[in-house]
Amino acid sequence: MCGMIGYVGNAFIAKKYIIDGLKRLEHRGTEAAGVAIQPNQTFSFFKQGNPLVNIQLALDEIEEASIAIGHTHWLTGAQAGHFHGIEDGRFAIVFNGSIQNWGSIQKQSNRSDIEAFFLYLENQVDIHQSIDQALIHFMSEVEGIYSFICLDLHTPDTLYAAHHEMEMCFGMSESAIMVAEQAQAFTEDFTEVVHLESNELAIMHPKAYRVINLLGEEITKIHQPYHFRKLAVDRGNYSNYMTKEMNEQPAVLCELSRQYLKEDGTLAIAPEVVQMLQKAKRLVIIGSGTSYHAALIGKRMFERMAQLPTDVYESEEFLHNTPLLVEGTICIAISRSGETPAILQSIKKMNRYNYPTIAITNEKESSIVSLADASLWLHAGPEFGITSTKVFVAKIAFLSMLAIALGRSEGMYDTFDIPKKFAITAEAIRDVLNKHQRFRTWLPAFLMRHPNITIVGRGLDYAVAQEGALKLREMGSLHADAYPGGELRRSPLALSQEKSLAIALITNKRNAKPMRRDIEEIRSYGAKVFIISTVGLDEEGDDFVLPLTHPIMAPLVAIIPFQILGYYAAQLRRLNVDQPIY
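The sequence shown runs contiguously to residue 948 in the working numbering.
Written as structure tokens, this is what we have:
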């Protein structure tokens, strides 16, 4: 993942807008950044493998300009998204994505992909005598998924931007244009936004623009209002965003109740969304990473509480395979940012087959909103920690509300008091967070004696185990895997030995006895087992007992210990919990 941005304006203030925009895109990558700025008839390039403050200090030393481009990205995606330029060259480009037919474009050249791209572009400009036509030719020839922003020394005060099967938009003020993959990169000066479709090339000047397609035909674009949202950067009394956001999780449940529940406990959402769900014969939920794990929990909720057959797909798997979609299928796509490329492409895939789509996101100004038939907001507030905590809880809580509301419409769960259950769950989360110091005592075993961690659970606990393993990997850089308790005999037990550690989850009465048998089997192989259980299902010797909540709400509480463990593991290893290494 990476973030890219470009600015062109009448005033010589490009540095400020590029830095401000990159700060608003830091969630898309924080391990490296770069800027190309054009103060005169040459480019100045800055690349840093450190936070943006270093880029800002470097920019302070050079002359201002009216045009610039920049990027921020993860180092592991260095070839997938970063800034490129050649000293004394004609072009500077920010590129994100992957090209599948570079070999044919390079014509067996020994140059690297990006060097070949610059050479290709220069050759095409010589042929077509126009940067516009050269870029159109490039877009017509290449195969893959990509987006780019380009500067050309021979066409001053002009930005070029395009994408194929990704996202790109530009914002307009009275005297400037900014372009980025996400509108949230734009500052408060910008009042309108234009979204580019796939294979459209935008040619932007300070006060004007035009958009052309692959045939060179000019396209009329729709201007939409842009609503600037100030980033809530204040951490309050917390030392980092992660701690702040973990402690905001009880409030997230309260806010969801306030936004979506009427006084009688019924759900207050758009009637068309309710009708879509009521007509559904089958539900498909699509997500990536944390959203995928939330979808797994949502599947069990919809099937249990609404009797609605539900399938869950990881977005990349859904996008590149052909799942069986039957009449009456609707799709729910979950994305914290609303900009996950595979999620957006999955919605487009569903749209092509005329299946209704519902987006669940935390960002009202995101691309997913314009693609889905209906959109629902999580109202969790900004989440600056790259590792999701409070938004994950919001996703599960929101899916539970939808499932219960749908069940009620079918005459089930009429007496289920959602506001009361949310209030009890919020208090349970607060209780576990207040006992965070207990988990410090587990860390020596995690880090010193047990390099391999296995998290096991049954039913909903298995879905929580998958998210828990992700938290330990993301935050604490620990080797952690999740398995369903019933599969332990197949292979995980073969890995259980004296240096192995397992964490077992028991939050459901139906699965408690089988899970206890699984635990004894793990111990028989010499592995250390930590047990997290719920009041009423606990036994002597359990390591942590969660407060009692309704079984449907248990995942909201059961994930908290893993957030805390990941946080303390990161601290012990002196890792940045807000910006983990991917």
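The beta carbon of each residue, even a glycine, is placed where N, CA and C say it ideally should be.
| Item | Value |
| --- | --- |
| Let me check understanding here. Comparing Cα to Cα, which of HIS529, MET608, ILE569 and MET534 lies closest to SER496? | ILE569 |
| Could you say which of LEU425, ARG390 and GLY387 lies nearest to PRO405 if we only look at CA atoms? | LEU425 |
| For PRO921 versus ILE762, is the C-beta spacing smaller than 7 Å? | yes |
| Considering only their Cβ atoms, is the gap separating LYS894 from LEU867 smaller than 7 Å? | yes |
| Which residue wins for smallest C-alpha separation from SER657, given the options GLU507, THR753, LYS596 and GLN466? | THR753 |
| Within a Cβ cutoff of 6 Å, which residues of the same chain sit near LEU662, ignoring the five residues on either side of it in sequence? | VAL678 and ALA829 |
| Tell me whether the beta-carbon of PRO785 lies closer than 7 Å to the beta-carbon of SER623. | yes |
| What's the call for GLY834, buried or exposed, on a 16-neighbour Cβ count within 10 Å? | buried |
| Which of the three DSSP states, helix, strand or coil, is assigned to ILE872? | strand |
| If you follow the alpha helix (DSSP H) that ASP677 is part of, which residue opens it and which one closes it? | First-last for ASP677: 676-680, but that is the beta strand (DSSP E), not the alpha helix (DSSP H). |
| Suppose you measure from the CA of TYR575 to the CA of MET532; what does that come to, to the nearest Å? | 21 Å |
| On the three-state DSSP scale, how would you describe SER657? | helix |
| Return helix, strand or coil for GLN495, following the three-state DSSP convention. | coil |
| Roughly how many angstroms lie between the CA atoms of VAL822 and ILE918, to the nearest whole one? | 18 Å |
| Starting from TYR626, follow the alpha helix (DSSP H) in both directions and report where the run begins and ends. | 615-626 |
| By DSSP, does VAL943 sit in helix, in strand, or in coil? | coil |
| Output the distance between the C-alpha atoms of ILE795 and PHE411, rounded to the nearest integer angstrom. | 48 Å |
| So, helix, strand or coil for GLU584, using DSSP? | strand |
| What number of angstroms, rounded off, separates the C-alpha of LEU912 from the C-alpha of GLU887? | 23 Å |
| Could I get the ranges of all uninterrupted beta strand (DSSP E) runs contained in the stretch 538-593, with 3 residues as the minimum, in chain order? | 542-546, 558-561, 567-570 and 575-578 |
| For ASP780, count the other beta carbons within 10 Å of its own beta carbon; 16 or more makes it buried, fewer makes it exposed. Which is it? | exposed |
| Using a threshold of 7 Å, state whether the C-beta atoms of PHE750 and TYR891 are closer than that. | no |
| Go through its chain and collect everything with a Cβ distance to ASP827's Cβ below 6 Å, but skip five positions before and after it. | LEU871 and THR873 |
| So is PHE378 buried or exposed if we call it buried at 16+ other beta carbons inside 10 Å? | exposed |
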